[in-house]
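For reference, the structure is listed below as structure tokens.
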Amino acid sequence: MLALVAAPDREEKVELREVAEPEARPDELLIEVDSISLNRGEVNRLALAADGWRPGWDVAGMVLEPARDGSGPPAGARVVGLSNFGGWSRKLAIPSRQVAVIPEGLSFAVAATLPVAGVTALRLLRFGGLLLERRVLITGASGGVGRIAIQLACRAGAVVTGIVGSAERGAGLQELGAAEVVVGIENASGEFHLILDAAGGDSLAQSLKLVGQHGTLAAYGNSAREQTTFLVNDFYLKDARLVGFFMLGDMVQHPVGEDLAGLLALVAAGRLDPQLALEASWRDAASALRALRERRVAGKAVLHLD
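Counting from -7, one number per residue, gives the positions in the sequence shown under my numbering.
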């Protein structure tokens, strides 16, 4: 079968190749993949991956064979799921606990935007507890996680500040619910009950100064690829906490199926817009990956397996 694999000598370090058919364990579904969405973490990993490595987290498709242990949806069901690798392929074996059934009326493409970005946003916001009238700061607000986190936080009653790299990147965020959009975290003011930081480096250092009394800073990325230096007095005197979150590690202990089902229901009801911004064929994966790497995608990018 065909799959997109790491190819260090090719454009954007990826190409379509023939690979072996998957073999499902008893607790796994075998699905025929229709759509995949791209994440910056996959772009970063491809830059260093060995030849033949199989990327792919977000997948949506149809169940070909149900799990032999009886768990999960039946053959023919339309599902979306989160795989820890190998999802950019015609077929995929995936644990039944990591998938959810797609409601009628939602496309595979829309559903595919949700696993990494949607579940990450949802679980990060839970670190803040009750968010009603609380101030929430979201760095990287124009990305896939950021756009969904803004909407979910606002639905919970939070007052959201979105941090972006340029005024152009901030377009449309207030329409999603952000009370303010700030270019550069150094220009943010006041204190925040919850801060979500994906940048690391100086962004994380600045965020630590902005956490309020008993507040929480949740770090889930290091897109700056820099170390962080900070004065600990700026942080611990507030009795605040710094927590780390890694989606692919968290899903092992806390499967994503239930959270995915909840997010899908919100989208189906028109209460959440996953911000699908780019659709293309997986045969043009290099162009889509380049657009994502160059931050030209205002939301989520999805590839169709045609």
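Just so it is clear, CB atoms sit at the ideal spot from N, CA and C, and this is done for glycine as well.
Alpha-carbon to alpha-carbon, residue j and residue i
{"i": "S158", "j": "L165", "result": "12 Å"}
{"i": "D251", "j": "L74", "result": "11 Å"}
{"i": "S195", "j": "D189", "result": "7 Å"}
{"i": "Q219", "j": "S199", "result": "14 Å"}
{"i": "W274", "j": "S215", "result": "25 Å"}
{"i": "W49", "j": "G79", "result": "6 Å"}
{"i": "E4", "j": "Y228", "result": "42 Å"}
{"i": "H206", "j": "G291", "result": "32 Å"}
{"i": "R285", "j": "V(-3)", "result": "17 Å"}
{"i": "L84", "j": "I23", "result": "5 Å"}
{"i": "A308", "j": "L223", "result": "Lying outside -7 to 298, the shown extent of the chain, residue 308 is not represented and no answer is given."}
{"i": "R2", "j": "G204", "result": "47 Å"}
{"i": "A150", "j": "A(-5)", "result": "42 Å"}
{"i": "A180", "j": "G138", "result": "16 Å"}
{"i": "D61", "j": "A67", "result": "14 Å"}
{"i": "N225", "j": "L122", "result": "26 Å"}
{"i": "S63", "j": "A272", "result": "33 Å"}
{"i": "M243", "j": "E178", "result": "33 Å"}
{"i": "H246", "j": "A210", "result": "18 Å"}
{"i": "A197", "j": "A39", "result": "26 Å"}
{"i": "E10", "j": "D276", "result": "17 Å"}
{"i": "V156", "j": "E172", "result": "11 Å"}
{"i": "G120", "j": "P58", "result": "37 Å"}
Residue from the options with nearest C-alpha to residue i
{"i": "D231", "options": "E20, L297, T208 and R89", "result": "T208"}
{"i": "Q267", "options": "S273, A277, F222 and L168", "result": "L168"}
{"i": "G53", "options": "V91, L38 and A59", "result": "V91"}
{"i": "Y212", "options": "H206, Y228 and L234", "result": "L234"}
{"i": "L8", "options": "A283, R288, A278 and A293", "result": "A278"}
{"i": "R147", "options": "A170, G132, L202 and V156", "result": "A170"}
{"i": "T105", "options": "N225, G136, V6 and A141", "result": "G136"}
{"i": "R287", "options": "E57, V6, R32 and A103", "result": "R32"}
{"i": "L114", "options": "L124, I140, L123 and A101", "result": "I140"}
{"i": "T221", "options": "G193, A210 and M243", "result": "G193"}
{"i": "F77", "options": "L123, L30, E57 and P58", "result": "L30"}
{"i": "L297", "options": "A69, E57, F100 and A41", "result": "F100"}
Per-residue DSSP class, three states only, for residue i
{"i": "P95", "result": "coil"}
{"i": "M54", "result": "strand"}
{"i": "A(-1)", "result": "coil"}
{"i": "L106", "result": "coil"}
{"i": "F237", "result": "coil"}
{"i": "T208", "result": "strand"}
{"i": "L40", "result": "helix"}
{"i": "T153", "result": "strand"}
{"i": "F77", "result": "coil"}
{"i": "G292", "result": "For the sequence presented, residue 292 should be read as Lys rather than Gly. Three-state DSSP puts K292 in a strand."}
{"i": "F184", "result": "strand"}
{"i": "R127", "result": "strand"}
{"i": "L229", "result": "coil"}
{"i": "R147", "result": "helix"}
{"i": "S199", "result": "helix"}
{"i": "R60", "result": "coil"}
{"i": "E218", "result": "coil"}
{"i": "R9", "result": "strand"}
{"i": "V248", "result": "coil"}
{"i": "L258", "result": "helix"}
{"i": "A283", "result": "helix"}
Closer than 7 Å: residue i CB and nearest the ligand SAM heavy atom
{"i": "L240", "result": "Of the ligands one can find in the structure shown there are none, so the ligand SAM has no counterpart to examine."}
Cβ separation of residue i and residue j, assumed to be a contact under 8 Å, to the nearest whole Å
{"i": "L295", "j": "I28", "result": "5 Å"}
{"i": "V174", "j": "T153", "result": "6 Å"}
{"i": "W25", "j": "R82", "result": "According to the sequence provided, residue 25 is Val. The question's Trp does not apply to it. Right, the Cβ-Cβ distance comes to about 6 Å (below 8 Å), so this counts as a contact."}
{"i": "P65", "j": "V51", "result": "With a Cβ gap of about 14 Å, P65 and V51 do not count as contacting."}
{"i": "A191", "j": "G97", "result": "Going by Cβ atoms, the distance from A191 to G97 rounds to 36 Å, so no, they are not a contact pair."}
{"i": "F237", "j": "L116", "result": "6 Å"}
{"i": "A293", "j": "L270", "result": "4 Å"}
{"i": "I86", "j": "L21", "result": "6 Å"}
{"i": "V6", "j": "A(-1)", "result": "6 Å"}
{"i": "V102", "j": "L281", "result": "About 20 Å; that fails the 8 Å criterion."}
Measuring CB atoms only, is the region 10 to 23 touching the region 257 to 272, in the sense that at least three cross pairs come out at less than 8 Å? With the cut-off at 8 Å, the region 10 to 23 and the region 257 to 272 do not touch.
Pairs of beta-carbons, one from the region 107 to 114 and one from the region 232 to 252, closer than 8 Å: are there three or more? Remark: three or more beta-carbon pairs, one from each stretch, lie closer than 8 Å, so the region 107 to 114 and the region 232 to 252 are flagged as touching.
Validate contact between the region 121 to 136 and the region 167 to 187 using beta carbons, cut 8 Å, 3 pairs: Judged by Cβ distances under 8 Å, the region 121 to 136 makes contact with the region 167 to 187, as three or more pairs qualify.
Are the region 35 to 45 and the region 63 to 73 in contact at 8 Å, needing three or more beta carbon pairs? Using a Cβ-Cβ distance cut-off of 8 Å, the region 35 to 45 and the region 63 to 73 are not in contact, since fewer than three pairs of beta carbons, one from each stretch, lie closer than that value.
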